[in-house]
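A.B. asks: The listed protein sequences correspond, in order, to chains W and V.
Every letter in the first sequence is one number past the one before it in our numbering, and letter 155, counting from 1, is 164.
Every letter in the second sequence is one number past the one before it in our numbering, and letter 158, counting from 1, is 212.
Where a beta carbon is used, it is the ideal one built from N, C-alpha and C, also for glycine.
As the structure is a prediction and not an experimental result, all values here were calculated from the model.
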Amino acid sequence: MKKSVLLSMSLLLFVGLFMVCPLTYAQNTIKVGIVDTYTGPATTFTMDVLDGFKLAVNEINAKGGVLGKKIEYTTRDEKFKPDIGLAMAKELVLKEKVDILMGTINSATALAISDFAKKEKLPFFVTFSKSEKIIGEKGHPYIFNMNENTAMVGKAAAVALAKKPYIKYWIAGDDYEYGHAIANSLWNNLKKLKPQVQKAGESWWKVGEADFTPYITQILAAKPDFIIAATGGAGMVNFQKAAKATGLSQKIPFYQHTAIELSVLKPQGQNAPEGVFGTANYFFYYPDTPSNRAFVDEFKRAYNREPRIGALSGYMTARFIAAGYKKAGKIDTEGLIKALEGMSLDSPVGPMAIRGCDHQLELPMYFGVTTKNPKYDFLVAGDVQAIQAKDYMPTCDEVLRVRK
Amino acid sequence: MDAVYSIISAGVLSQVFVGLSRTTILFIVASGLTLILGVLRIPNVAHGSLYMIGAFTAFTVTKLSGGGSAGFWIALVIAPLIVALISLIAERGMFQFLYEREHLMLLLLTFAFSLVFGDLVKLVWGGEYKSVPVPHIFQGFVPLFGGLPFPLYNLFLLLAGPVVAILLYLLTNKTKMGKIARAAAVDREMVGAVGINVSRVFATVFVIGCYLAGLGGVLVAPTVSVTLGMDHNLIIEAFLIVIMGGLGNIWGALLGALIFGLTQSLGILIWPKFGIIFPYLAVVVVLLFRPTGLLKSTW
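Pasting the structure below:
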């Protein structure tokens, strides 16, 4: 009696094992694996990507999903460490059997996962890494870049700054790849557009530098016309605060990428310095169109805060994935890639396309200056000028030439 | 030539003062760290987290009291006390049972605490950057040294540093508690043998040390963005300062903070492109010639 129970139990278990396996193979959902940093200072940007993505996924699933399949996603916290991030991407692909990889804010992680995605022949959507190597020298057909990169930012800023009268530039920034890449791209493009510019000097501080005062007093003593401050992350606010405290913002104009962005300006309230030049790809208040207002309202209703660039990036990633599969007519990687090349979708800020040659999303780019506005209790971007994609995107030729 | 000379020296003077105000924060945090290290023998990696909690609490207190300058002064009083309270709970609930353990184990334990605190801060305050406004009377700057601007808030920090140093001196040298603590640092069994409640002394020292971390967090808040991760940046510098000065020696922490702050600000003046390496170079040089630190270690 006992023996037979044991036997039947183990048989049941055995059958159970086989029951589970086919279930995971028979895909009823489209699985997206997201690897990103959800601890530490980067969280302020990554949560926006995730929330924007969720918003679009919920919309798509509510309408019945894609080709009858719902989109499902799993997240992994890579803690800003490339080795952990890569291990997580592998786990997502081998164990969770995801169809698509997505993430991250850490460029080193993005490059590591990109290499893995290329070998696995799995599409990888990069949502917040700014390294130009991702679609440049390390680019491949499975990578999609859904945000701006340092080459684009530098070129856009150079286009805008070349029209300004400044000659003597000081270059300063966070001493890591992002800082140097932005500064180099800006400076090289600026020299091309306006050969008479001069470099007065450079200073580089460590990432996470808390107090910029000693650096700023030194720059002030050198009296340049303009400062390129290639800061990122928390350094953005730290630099602006020090610039205000030392009076730098009133004496010497300076530029920071995302200086005019909500993530930098909102925490400072009315105390942010006025007249700081910056570039950004998205504002919740500009352009003031019905579609942008609708997106902002929807995002606010869901998360009780205004969307920022990451939210747009995450939102459009989900929409492109859905539209891509729909156009391909089946859940198939090669079909998806082919469908996405050159595809244009309506976004909250107007039509947006994925460039066919290098899979770069053609985001709008705005140049503006920090300004007080009675409508908000924080500073916003004023004097906004849109820079056209053809002016600031590196050409297909330039991107593909460096690819190996 | 005179004009050139005066500009150069003005620049140098300005950098020295900026460096000194940076020293203030470093000293306040490092002195708390070294106090705990010296008396309790705990290498408290979570010290940086308490500094971060101090800054975040300052943000909340400032916001709750209307976001004006009064808020900052209230935060200056309340936030370090809240940090002290958290540390008291941690000490009574956890550390008091572990004083006899290996240093490595305490190091791992406090490291675990720093991770827990980091996640708690994320849960309570979220991932957004926070900013504490500079109190009104210290907003802006004054032209000092040949017209180079000097932030008023840094002047305030310059005054706060010596005040804390003097109070710490009085506490450790002129009060009975301080004397017992110093004795316990040298020989804790002997102090216990003469009938003194060592456990209470240890708790007090731990709380004072953590109070200093919180105070540093509040003082730094108006100059930076209050954000996750500010703990890790600081704890490394604080430990280097403590090691450079001599483990457990408060005046060593002062000396270490001075060297760290000044080499940084003057290094920027000499070689702005590689300004970051100077403080670390100083650490290397000091440890090459004095491996146990500049002043006498209590270990």
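Anything in chain V within Cβ reach of LEU229/W, meaning under 7 Å, just list it in chain order.
C.D. replies: What you label residue 229/W is simply residue 220 of the first sequence in a count that begins at 1. Simply LEU202, PRO203.
A.B. asks: DSSP three-state label for TYR82/W, please.
C.D. replies: Here residue 82/W is taken as the residue at index 73 of the first sequence, counted from 1. Residue state, collapsed to three classes: strand.
A.B. asks: Within its chain, find whatever has a CB closer than 7 Å to the CB of VAL337/V; leave out the 5 residues flanking it on each side and keep chain order.
C.D. replies: In the second sequence, residue 337/V corresponds to position 283, counting from 1. Excluding positions up to five away in sequence, the list reads LEU294, MET298.
A.B. asks: Mind listing the chain W neighbours of GLN318/V? Cutoff is C-beta to C-beta under 8 Å, in chain order.
C.D. replies: For the purposes of this step, residue 318/V is taken as residue 264 along the second sequence, with counting starting at 1. The contacting residues are PRO223.
A.B. asks: Using three-state DSSP, classify ALA100/V as helix, strand or coil.
C.D. replies: As a position in the second sequence, residue 100/V is number 46, starting the count at 1. Three-state DSSP puts ALA100/V in coil, outside helix and strand.
A.B. asks: What did DSSP end up calling LEU349/V once you bin it into helix, strand or coil?
C.D. replies: The residue you call residue 349/V lines up with position 295 of the second sequence. LEU349/V falls in the coil class under three-state DSSP.
A.B. asks: Please classify HIS368/W as buried or exposed, where buried requires at least 16 other C-beta atoms within 10 Å of its C-beta.
C.D. replies: What you label residue 368/W is simply residue 359 of the first sequence in a count that begins at 1. Per the 10 Å Cβ criterion, buried.
A.B. asks: Check each candidate in ILE140/V, PHE113/V, SER141/V and name the one with the smallest Cα separation from ALA129/V.
C.D. replies: For this step, residue 129/V is matched to residue 75 along the second sequence. Selected option, being the one with the closest Cα: PHE113/V.
A.B. asks: Under 9 Å between beta-carbons, which chain V residues line up against PRO50/W? List them in chain order, please.
C.D. replies: As a first step, residue 50/W is located in the first sequence; it is residue number 41 there, counting from the start. Within 9 Å Cβ-Cβ: GLY181, TYR183, SER279, THR281, LEU282, GLY283, MET284.
A.B. asks: Is it buried or exposed for PRO157/W, if we count other Cβ within 10 angstroms and need 16 for buried?
C.D. replies: For this step, residue 157/W is matched to residue 148 along the first sequence. The residue asked about is misnamed: residue 157/W is Glu in this sequence, not Pro. Buried, by the Cβ-count rule.
A.B. asks: Name, in chain order, the residues that DSSP records as bridge partners for LYS230/V.
C.D. replies: Taking the second sequence and counting its residues from 1, the one referred to as residue 230/V is at position 176. Answer by DSSP bridge pairing: none, since LYS230/V is not bridged.
A.B. asks: Identify the contact partners of ALA331/W in chain V, using a Cβ-Cβ distance below 9 Å as the criterion.
C.D. replies: Along the first sequence, read from residue 1 onward, the residue named residue 331/W stands at position 322. Within chain V, no residue comes near ALA331/W; the closest Cβ sits about 27 Å away, beyond 9 Å.
A.B. asks: Identify which residue in GLY215/V, LYS327/V, ALA138/V has its Cα closest to the Cα of LYS208/W.
C.D. replies: In the first sequence, the residue the question calls residue 208/W occupies position 199. Checking every option, the nearest Cα to that of LYS208/W belongs to LYS327/V.
A.B. asks: So if I threshold CB-CB distances at 7 Å, which residues from the stretch 187–219 of chain W count as touching chain V?
C.D. replies: Here the close residues are GLY210, GLU211, SER212, TRP213, TRP214, LYS215, GLY217, ALA219.
A.B. asks: Run through chain W and tell me which residues come within less than 9 Å of ILE330/V, C-beta to C-beta.
C.D. replies: One-based indexing of the second sequence puts residue 330/V at position 276. Those are ASP184, TRP213, TRP214, LYS215, GLU218, listed as they occur along chain W.
A.B. asks: By DSSP, does THR33/W sit in helix, in strand, or in coil?
C.D. replies: Taking the first sequence and counting its residues from 1, the one referred to as residue 33/W is at position 24. Unreliable positioning characterises THR33/W in this predicted model, as indicated by a pLDDT of 43, which lies under 50. A coordinate reading is not provided.
A.B. asks: Per DSSP, which one or two residues make a beta bridge with PRO223/W?
C.D. replies: Position 214 of the first sequence, counted from the start, is the residue given in the question as residue 223/W. Its beta-bridge partners do not exist; DSSP assigns none.
A.B. asks: Measuring only between beta-carbons, confirm whether ALA238/W sits less than 9 Å from chain V.
C.D. replies: Within the first sequence, numbered from 1, the residue matching residue 238/W stands at position 229. Output row for ALA238/W: interface = no.
A.B. asks: Rounded to whole angstroms, what is the Cα-Cα separation between ALA166/V and LYS117/V?
C.D. replies: Mapped onto the second sequence, residue 166/V falls at position 112. Mapped onto the second sequence, residue 117/V falls at position 63. Distance between the alpha carbons of ALA166/V and LYS117/V: 30 Å.
A.B. asks: Candidates ASN154/W, GLU129/W, ALA121/W: which alpha carbon is nearest VAL135/W's?
C.D. replies: Looking up residue 135/W in the first sequence gives position 126. Minimum Cα distance to VAL135/W is reached at ASN154/W.
A.B. asks: Hey, out of TYR82/W, VAL66/W, PHE293/W, PRO276/W, whose CA is closest to ASP45/W's CA?
C.D. replies: For this step, residue 45/W is matched to residue 36 along the first sequence. When only C-alpha atoms are compared, the closest one is TYR82/W.
A.B. asks: Going along chain V, which residues have a C-beta under 9 Å from LYS250/W?
C.D. replies: Counting from 1 along the first sequence, the entry for residue 250/W is found at position 241. Ordered by position in chain V, the residues that pass the 9 Å Cβ test against LYS250/W are SER185, VAL188, PRO276, THR277, VAL278, SER279.
A.B. asks: Buried or exposed: HIS266/W, going by 16 or more other Cβ atoms within 10 Å of its Cβ?
C.D. replies: Along the first sequence, read from residue 1 onward, the residue named residue 266/W stands at position 257. With 16 or more Cβ atoms within 10 Å of its Cβ, HIS266/W is classed as buried.
A.B. asks: Pull up the DSSP beta-bridge partners for LYS208/W, would you.
C.D. replies: Position 199 of the first sequence, counting from 1, holds the residue named residue 208/W. DSSP lists TYR178/W as partners of LYS208/W.
A.B. asks: Looking at chain W, which residues of the stretch 207–240 of chain V have a Cβ within less than 8 Å of any of its Cβ atoms?
C.D. replies: For chain W, the residues of the stretch 207–240 of chain V that bring a beta carbon within less than 8 Å of one of its beta carbons are TYR207, ASN208, in chain order.
A.B. asks: Identify the contact partners of PRO282/W in chain V, using a Cβ-Cβ distance below 7 Å as the criterion.
C.D. replies: Here the question's residue 282/W lines up with position 273 in the first sequence. None at all; the shortest Cβ gap to chain V is about 12 Å.
A.B. asks: Give, in chain order, every unbroken run of the alpha helix (DSSP H) that is at least 4 residues long and sits entirely within the stretch 96–133 of chain W.
C.D. replies: 116–129
A.B. asks: With a threshold of 8 Å, are at least 3 pairs of Cβ atoms found where one atom belongs to the stretch 309–324 of chain W and the other to the stretch 305–314 of chain V?
C.D. replies: Counting Cβ pairs under 8 Å, fewer than three are found: no touch.
A.B. asks: Which residues, in order along the stretch 253–272 of chain W, keep a beta-carbon less than 7 Å from a beta-carbon of chain V?
C.D. replies: ALA254, THR255, GLY256, SER272
A.B. asks: How many Å lie between LYS228/V and ALA254/W at the Cα?
C.D. replies: One-based indexing of the second sequence puts residue 228/V at position 174. One-based indexing of the first sequence puts residue 254/W at position 245. About 38 Å.
A.B. asks: Could you check how far apart the C-beta atoms of ALA100/V and VAL261/V are, in whole angstroms? I think they sit under 8 Å.
C.D. replies: Taking the first residue of the second sequence as 1, we reach residue 100/V at position 46. Taking the first residue of the second sequence as 1, we reach residue 261/V at position 207. The Cβ separation is near 14 Å, so there is no contact.
A.B. asks: Helix, strand or coil: how does DSSP classify VAL338/V here?
C.D. replies: Your numbering for residue 338/V matches position 284 in the second sequence. Three-state result, VAL338/V: helix.
A.B. asks: Out of VAL216/W, ALA171/W, VAL168/W, which has the shortest C-alpha to C-alpha gap to GLY182/W?
C.D. replies: As a first step, residue 182/W must be located in the first sequence, where it is residue number 173. Residue VAL216/W is the option with its Cα nearest to GLY182/W.
A.B. asks: What residue from LYS347/W, GLY188/W, ILE176/W has the CA that sits closest to GLN205/W's CA?
C.D. replies: The count along the first sequence starts at 1 and reaches residue 205/W at position 196. That would be ILE176/W, whose Cα lies nearest to the Cα of GLN205/W.
A.B. asks: List the endpoints of the continuous alpha helix (DSSP H) containing MET245/W.
C.D. replies: For the purposes of this step, residue 245/W is taken as residue 236 along the first sequence, with counting starting at 1. That run of the alpha helix (DSSP H) goes 244–254.
A.B. asks: With a CB to CB cut of under 6 Å and the five nearest residues on each side skipped, what residues in its chain are close to ALA251/W?
C.D. replies: By one-based count along the first sequence, residue 251/W stands at place 242. Counting only Cβ-Cβ distances below 6 Å, and skipping sequence neighbours, we find PHE221, THR222, ILE225.
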